[in-house]
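Novice: Sharing a structure, written as C-alpha cells. Questions coming.
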Amino acid sequence: MSGLPSDEVAEDYKGSLEDLVTNDRYQISNLTLIAKENIEHAEAISRVLQNHINRAPPARKLPALYVLDSIAKNVGSPYTVYFGRNLHQIFMLAYSQVDAPVRRKLEEMLKTWREPVPGSLSPTPVFPHASTQSIVDSLNKFRSPMPAATRYQSPHIQPTPARALVDPRYRHTPTPPQSFPPLASGLASNTRSPGLQPEIPQPPYTQTPPPSFSQPYPPQATPLYQQQPPAPTTQYHTPTLQPGPISSGGVDLQKLHLDIDDLTTDAKIECATHPMDAGARRKLASLQTLKEILDSGNASERDLVDIRNTIMQKMAEKMAEPHQPPGQTAIPPIPTANTYVPQTSIQQPAATTSAATSLFNSTNLAELLRATVGQQQARQQPNYYAHAQSGVATPISASTAPSATSENPLLAQLRASGLLSAAPTPPQGVAHSMPGFAAFATDPVGEVSLTSASIRIPRPHLVATLLSAWPNQCSTCGRRFTSDEGGKAKKARHLDWHFKTKARMLEAEKRGQNRSWYVDEREWIASKEFEDDAGPVDATGVPINGATMVAKKKAQDFVRVPADPVLRSLPCPIDQEPFKSEWSEDVQDFIWKDAVQVGGRYYHASCYTEVTKGREKDGVLTPVGGIGRMATPDSVLGKRKAEVRLTA
Amino acid sequence: MSLPGLGLDEPEEVHTAETSQHDLAKDNEWRFEVAVGKYIQLKLLRGTAELFGTELVIGNTYTFTATKAAIYTWHGCSFEVRGDALQSEYIAEETPMSEYINVHFALETLRDQAKAHGRQGPRVLILGPDNAGKSSLAKILTGYSNRSSRSPLVLNLDVKEGVMSIPGTFTATVFKTLMDIEEGWGTAPMSGPNGAIPVKLPLVYFYGSPRPEEKEGKVYKAQIRRLALAISGRLANDAETRESGLIIDTPGSLTSSKTGQVGYDIIQDIVSEFAVSTIICLGSERLYSDMVKRFDRQPTVSRSTTAGHAETISVIKLTKSGGCVDRDEAYMQAFRAAQIKAYFYGNPRLSNGISLQPRQQQVDFSTLTVWRRISSTPDPSSSASVGASFDDEDEETFLPGGMTDDASGTYPGGSSSKVALPASQIYERVSAPYAAMRNAILAVMNCEAEAEQETIRDSSVMGFLYVTDTDEARGRISLLSPVAGRVPARAIVWAGWPEPVLGIDRS
Ligand SMILES: [Zn+2]
Ligand SMILES: [Zn+2]
Chain C
1 MSGLPSDEVA
11 EDYKGSLEDL
21 VTNDRYQISN
31 LTLIAKENIE
41 HAEAISRVLQ
51 NHINRAPPAR
61 KLPALYVLDS
71 IAKNVGSPYT
81 VYFGRNLHQI
91 FMLAYSQVDA
101 PVRRKLEEML
111 KTWREPVPGS
121 LSPTPVFPHA
131 STQSIVDSLN
141 KFRSPMPAAT
151 RYQSPHIQPT
161 PARALVDPRY
171 RHTPTPPQSF
181 PPLASGLASN
191 TRSPGLQPEI
201 PQPPYTQTPP
211 PSFSQPYPPQ
221 ATPLYQQQPP
231 APTTQYHTPT
241 LQPGPISSGG
251 VDLQKLHLDI
261 DDLTTDAKIE
271 CATHPMDAGA
281 RRKLASLQTL
291 KEILDSGNAS
301 ERDLVDIRNT
311 IMQKMAEKMA
321 EPHQPPGQTA
331 IPPIPTANTY
341 VPQTSIQQPA
351 ATTSAATSLF
361 NSTNLAELLR
371 ATVGQQQARQ
381 QPNYYAHAQS
391 GVATPISAST
401 APSATSENPL
411 LAQLRASGLL
421 SAAPTPPQGV
431 AHSMPGFAAF
441 ATDPVGEVSL
451 TSASIRIPRP
461 HLVATLLSAW
471 PNQCSTCGRR
481 FTSDEGGKAK
491 KARHLDWHFK
501 TKARMLEAEK
511 RGQNRSWYVD
521 EREWIASKEF
531 EDDAGPVDAT
541 GVPINGATMV
551 AKKKAQDFVR
561 VPADPVLRSL
571 PCPIDQEPFK
581 SEWSEDVQDF
591 IWKDAVQVGG
601 RYYHASCYTE
611 VTKGREKDGV
621 LTPVGGIGRM
631 ATPDSVLGKR
641 KAEVRLTA
Chain D
1 MSLPGLGLDE
11 PEEVHTAETS
21 QHDLAKDNEW
31 RFEVAVGKYI
41 QLKLLRGTAE
51 LFGTELVIGN
61 TYTFTATKAA
71 IYTWHGCSFE
81 VRGDALQSEY
91 IAEETPMSEY
101 INVHFALETL
111 RDQAKAHGRQ
121 GPRVLILGPD
131 NAGKSSLAKI
141 LTGYSNRSSR
151 SPLVLNLDVK
161 EGVMSIPGTF
171 TATVFKTLMD
181 IEEGWGTAPM
191 SGPNGAIPVK
201 LPLVYFYGSP
211 RPEEKEGKVY
221 KAQIRRLALA
231 ISGRLANDAE
241 TRESGLIIDT
251 PGSLTSSKTG
261 QVGYDIIQDI
271 VSEFAVSTII
281 CLGSERLYSD
291 MVKRFDRQPT
301 VSRSTTAGHA
311 ETISVIKLTK
321 SGGCVDRDEA
331 YMQAFRAAQI
341 KAYFYGNPRL
351 SNGISLQPRQ
361 QQVDFSTLTV
371 WRRISSTPDP
381 SSSASVGASF
391 DDEDEETFLP
401 GGMTDDASGT
411 YPGGSSSKVA
421 LPASQIYERV
431 SAPYAAMRNA
441 ILAVMNCEAE
451 AEQETIRDSS
461 VMGFLYVTDT
471 DEARGRISLL
481 SPVAGRVPAR
491 AIVWAGWPEP
501 VLGIDRS
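Residue numbers (full-length UniProt numbering), protein chains in the order written: chain C, 1 to 648; chain D, 1 to 507.
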C-alpha cells in the first residue's frame, strides 16, 4: 500500500518497535497490521524486527518476540522465511538473557511454532521444523538436572535409564540426553493416553525442596515443559476458554465435603513430608477453613459456586498449560491488561463452554485440588489472559469486575492463600470498587492491606509482635536474634565477627584506608549481600565484611557445560553453589562462566582462586574483590587493583 | 548572606553544649537537627528507641553531624544528649509512625506471598514534594524490613540527595544488614572493614544535575532504563532480594506543578520500568488523586505474576510527618559538601566512622579523557561564561541520544550557542584544563574513554575525582582521587553539579 522506500518504512517500524515496552496487545496488533500492509518491504521490516529483538533489553524481549510471533501467524510468508533464517540465533540470544518466567513463555511460544497455524486447515507448522528443530535441540541440551533440587534428594540422576526416555531421533546429538524427557517427548505427551500416567502426578519438580530452604532456582533448572498432569479424560486436551460465572445451582455439597476431607488428608501428608513448606501449611489451613465454611452451613450459593469455579479454573489452567497460556482458561475477574497472547492452534470457540462445564462438574474435586497443590512454587504462570480469539485486532471483551459486596471472611482468607482466585466472582452488573489488594487484606499472615483506610488503623498487637519476635540483641550493633538455640548460635558467630572485625580495623588503621572504586554493573548483578556471620571467609577464616562478590567473571574462565548429567548437577565443592548455564553465541554451546575444571571436578574460578591464592593476601581485604585477588591483566578490576598495588 | 551550615540565617533557638536528659513518652518522637560541622553524642539510657526504623542500643554512644532526624519510641525511653549546640529540637506527640509500620506489615504479607509462590516481592514507589519525608519513609521501611530479616533493594532516584554516594547520583543498594544510624544509610566499600556495621554495595549512576525534568526528562529516563536493566539482572540472581522487593525514593520535583507534564511522564516511566506495585503519596492531595486516576488498580508490568494472581497497583496516601521541616538551599548545599567530603575522607568522628586517605596527584591533562556536559558546564571557548550561571533551562543546546542514530541531522536553533553542535551531542571533549574546572567534581565512568555519547551517559560510575587546581599554562590538572594510582583510562564526565566545593582538600 505504501509507495515509500524500504528505508523509510523500516525506520518507521523501528520507531514503533521502540515504543513497545510492555506486552500490549493493541501495539502488537498494530505492528502486525503494518507488517501486513507493507508486505513488499517484508525483508526490511524483518531485519528491523530481528535487530530490535536482539538489541532490546531483557524486559522488552518478550513483547518484541510476540510481534514476530504475531506476524508469523497472521501474515506468514514471506516473513516466516526471513525470520526462519535467523530464528535460532534470535531465540537463543533472547532466551539466554531473560528470566525463568519469560523463558517459560518463550518455550510455550516455540511450541506453537511447531504446530499448525491457528485456525488453518493446513497441517503445516508456523515455522518449518527445520527452523525450530535446532532451537529444540539447543534447549534440550541446555536443560541440566536441577542442582538445587538434587542436593536435597536421593540421586535420581542416572544417565542410563534416562536414555530410555529419549526419542531415538536425538541419539545423534552431541550431548547425552537428560534424565527427563526432552522437548520432543514433552510435546508428544500431549497425546499420551491418560491411562499411562501415574496415579498421582509426581512430575520431577514436585521433589523440589520448598523455597524456604532451596537456592534460587537457576532458570535453566526448571523442566522445559511441565509433565502432563493426569487428565481424567482425554477431552481435557481441548479445554475451553470461558469458565464464566456458572449458575449457582447444582453444587453437590455432600461431594464437596468428601472431597475436602480427602484433600485435607493429602495436605496433611504434604505438610508432614515438607515441614518447611509454608505454602503447604497455608494450603492445609485453607482446606480446614473451607471445611469450616461448609460445616457451618452458612456459605452462600455464590460462595460455593465461587469455590467450585476457582477449582475448575485451576484445573483448566493445568490442563491447558502444555498447549497454551494457562490464563486462557481463567479470566480473572479483575480489570485485565490488553496483553498479547500468542495464538495456539487449539483455541476453541466459546460455544463449547457448556459441554466443558458439565465435564468440570463431574470431576472429582479432590483430584482437581490435589493437582494444584505444590505446583505454585514450581512454576510461574504467564501473566496474560485470553480474550483474543484471533489475536489480532479483536476488541477486548468486557471483563468482569471485582465486586464490592462483602464476602465470607474465611473465603477471603482462602483467596489470600491462593486457593481461591484472587477476587470474588461478582454478581453481574456490580460496579468496580474493590481495591486491588483487598484480596490480600485478610491473609492470615497479615491483616493490613495497602489501602489508605486500612493503613490508618493502628495495630498495636502487630507492632508488639514485630518488636518482641527477636528478643536477643547484640549489644554492639543492635542486631537481634531469636532466643532459641539457633538464634544463640547465630549470635555467637555474630559476636565473633565483631571481634575479628575489630582486630582487622586496628590493623587497617595502621595502613590507612581509602574509599574503593564502585563496582560495575556486572559485578553488582553478580554480587550478593551476606549477613555478617554467614558470608564467605578470607584465607585466615575471617569473614569478609558485608557485601561480597560471589561470581567474579573473567572472560576466559568458562567451561562448556559438561555432558555428564551427574557432573552437571554437582555444585561447586567450595561454596556449594550450583553453576549457572548460559548460552554463548560465540562458543555456540552452553557454558558455565566463572568455572574451571580441576581434577575431574568443576569449581567456580573465583572460589578456586580464593582458596588457592588466598594466602598471599596482605591482610587488608577489601569487601569487593580485595587487593591482589583476581588481579589478572585482562580483568578491568584486576588491572585496577594491580595498579593500586604497584603505586600504593 | 547566609553561611552554609552555620545556621546564621536561621532564627531558631540555639542550645548550649551541655549534657541534657530527655524522657520520651510512648509513641512520641524527638526531632532534632545538627548543623554541618557540628557534632552531638546521643546515648539511650532506658527503654527502646529507633531512628528511622533502626534500633538504638542502650548504652552505646551515637554521634550525629549534618543530620535532621528523629528518635522515635514505641514504649517510651530516656536518653541523654551531649556536644555542640543543636540547630533545633522538639518533641512531637503526633507522628505517622503507626501508618508507616502498617505499610511495613502490608508489605510483609506480600513478601510472604512472593516467597511462597516464587513471585516478585512488592515494588514500592514513594512520591511527594520536597521535604515531605520521602527518604525518611524509605529508611523506615528499609529498617523494618531488616528487622523482619528481609533484604530489599533500595533505589534512590532523588538526584538531589545521595544515598551511599554523593548527590547527583542514582543508586541501587541491597540492604540485607543493619543500616548505619549515624551515616543515615550506610557507607560504600573501602579498602578495609567498617567497624560494627557491614558496608553495603551500591551501583551508582551519575546524573549530574538536581533537575530530573531537564531536557524533557530524556536523559533521566534513559539512565533509569539502564538502571532497571541492571536491577532485573540482579533480581534474577538474587532470590532473597527478589522476594523482599524494591523501595524507590524519588525527587520531589517530579510531583511539582512547576515541573508539569514531564514529571508525570517520568513517574509513568518509573512505574513501568520497575513494575511498581505500590505507590505511596506523601503530603499532597492533588498528587494522590492524580496517581489514583492514573494507576490505581491498573495491572503492574511485572513479569513474574501468575494467571491466578493478577497483580495490580495500589495507590495509597500517608500522612506527612510534621517533622519534615523545609530544608533551605544553604543547608542543602552545606550538606552536599559534607557528603562529598565524606566520600573522600570518611567521617572519623562518627563512632563507626573511619578516616580515609584520598590521594592527591597532578597529572598531564592530555592523559585524561574529560567530557563536559554541554548545557551545564561553561564553554571553555567563551570568555564570558566563566563564573556565570549555567542554569538556563530553556537552552536546548543538546538533545539526548537515542533519538537519531547519526549525528548528521539538525542543528539546534538556540541563539545562545555560538558553535552549532550536532543535535545528538551530549558531551564535548575538553582538550585543555581551564580555571572553571577548579573545585569541580568529576565522575569516572565505567566505559571506554572514547565511548559513544549514549554509552557514556548510560554507564555506571566507578568513582569521583575532585579538581584541586588547574595549571592552564603547563596543561596540568591536580586531582584528588579516592584510590591511589593512575587515574583509570575511562571516560571522565564533568557535569557541573553537585556544584564546586571549596577547599575540600584543605581540611
Ligand atoms: Zn552486633
Ligand atoms: Zn564456588
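Quick reminder that beta carbons are idealized off the backbone N, C-alpha and C, glycines included.
(1) Look at the Cβ atom of Asn352 of chain D, then the Cβ atom of Ala196 of chain D, and state whether they are nearer than 8 Å.
(2) Please report the distance separating the alpha-carbon of Arg242 of chain D from that of Leu139 of chain C.
(3) Should Asp69 of chain C be labelled buried (16 or more other beta-carbon atoms within 10 Å of its own) or exposed?
(4) Please tell me whether Leu350 of chain D has its Cβ less than 8 Å away from any Cβ of chain C.
(5) Mind listing, in chain order, the residues whose beta carbon lies closer than 5 Å to a non-hydrogen atom of ligand 1?
(6) Is there a C-beta anywhere in chain D that falls below 8 Å from the one on Ser134 of chain C?
(7) Would you identify the three-state DSSP class for Phe79 of chain D, choosing helix, strand or coil?
(8) Using only the alpha-carbon positions, how far apart do Gly83 of chain D and Phe64 of chain D sit?
(9) Output, in chain order, the set of chain C residues within a Cβ distance shorter than 8 Å of Gln357 of chain D.
(10) Does the distance from the C-beta atom of Trp494 of chain D to that of Arg373 of chain D stay below 8 Å?
(11) Using the three-state DSSP reduction, which class does Val117 of chain C fall into: helix, strand or coil?
(12) Whether or not the segment 113-120 of chain C and the segment 62-76 of chain C are in contact is what I'm after, with contact meaning three or more pairs of Cβ atoms, one per stretch, closer than 8 Å; do they touch?
(13) In three-state DSSP terms, what is Asn28 of chain D?
(14) Under a three-way DSSP split, which group does Pro299 of chain D fall into?
(15) Specify, as a first and last residue, the run of the alpha helix (DSSP H) that Arg504 of chain C falls within.
(16) Inspect the CB distances between the segment 279-292 of chain D and the segment 153-161 of chain D and report whether three or more fall short of 8 Å.
(17) Can you name the residues of chain A whose CB is closer than 9 Å to the CB of Asp238 of chain D?
(18) Going by DSSP in three states, Arg459 of chain C sits in which element: helix, strand or coil?
(19) Please compile the residues from chain D whose C-beta is within a distance smaller than 8 Å of the C-beta of Ile455 of chain C.
(20) Given that Val561 of chain C touches chain D, what residues does it touch there, using C-beta distances under 8 Å?
(21) Measuring CB to CB, does Tyr62 of chain D end up less than 8 Å from Leu42 of chain D?
(22) Any beta carbon of chain D sitting closer than 8 Å to that of His88 of chain C?
(23) Comparing the CB of Gly217 of chain D with every heavy atom of ligand 3, is any distance shorter than 7 Å?
(24) What three-state label does DSSP hand Asn446 of chain D in the structure shown?
(25) Measuring only between beta-carbons, confirm whether Thr278 of chain D sits less than 8 Å from chain C.
(26) Gln268 of chain D: buried (16+ other C-beta within 10 angstroms of its C-beta) or exposed?
(27) Interface residues of chain C around Trp74 of chain D at Cβ under 8 Å?
(28) Please report the straight-line C-alpha distance between Ser468 of chain C and Gly121 of chain D, rounded to a whole angstrom.
(29) Using DSSP with H/G/I as helix, E/B as strand and the rest coil, what is Arg123 of chain D?
(30) Does any residue of chain C bring its CB to less than 8 Å from the CB of Arg234 of chain D?
(31) With distances taken Cα to Cα, identify the nearest neighbour of Asp589 of chain C among C:Ala100, C:Gln50, C:Met92 and C:Asn30.
(32) Output the distance between the C-alpha atoms of Ala473 of chain D and Glu499 of chain D, rounded to the nearest integer angstrom.
(33) Cα separation between Glu214 of chain D and Tyr207 of chain D?
(34) Below 8 Å on the Cβ atoms is my contact criterion, and I expect Ile340 of chain D with Val501 of chain D to pass it. Report the Cβ-Cβ distance as a whole number of Å.
(35) DSSP beta-bridge partners for Leu480 of chain D?
(36) Trp524 of chain C lies in the alpha helix (DSSP H); which residues open and close that run?
Specialist: Concretely, from the data shown:
(1) yes
(2) 26 Å
(3) buried
(4) no
(5) C:Cys474, C:Thr476, C:Cys477 and C:Arg479
(6) no
(7) strand
(8) 10 Å
(9) Gly512, Gln513 and Asn514
(10) yes
(11) coil
(12) yes
(13) coil
(14) strand
(15) Glu485 to Arg511
(16) no
(17) Chain labels in this structure do not include chain A; the protein chains are C and D.
(18) coil
(19) Glu99, Asn102, Val103, Ala106, Ile316 and Leu318
(20) Result: empty, since nearest Cβ-Cβ is about 18 Å, beyond 8 Å.
(21) yes
(22) no
(23) Absence of ligand 3 from the depicted structure is noted, with ligand 1 and ligand 2 being the only ligands included.
(24) strand
(25) yes
(26) exposed
(27) Val463 and Leu467
(28) 24 Å
(29) strand
(30) yes
(31) C:Met92
(32) 25 Å
(33) 11 Å
(34) 5 Å
(35) D:Gln360 and D:Tyr466
(36) Glu521 to Ala526
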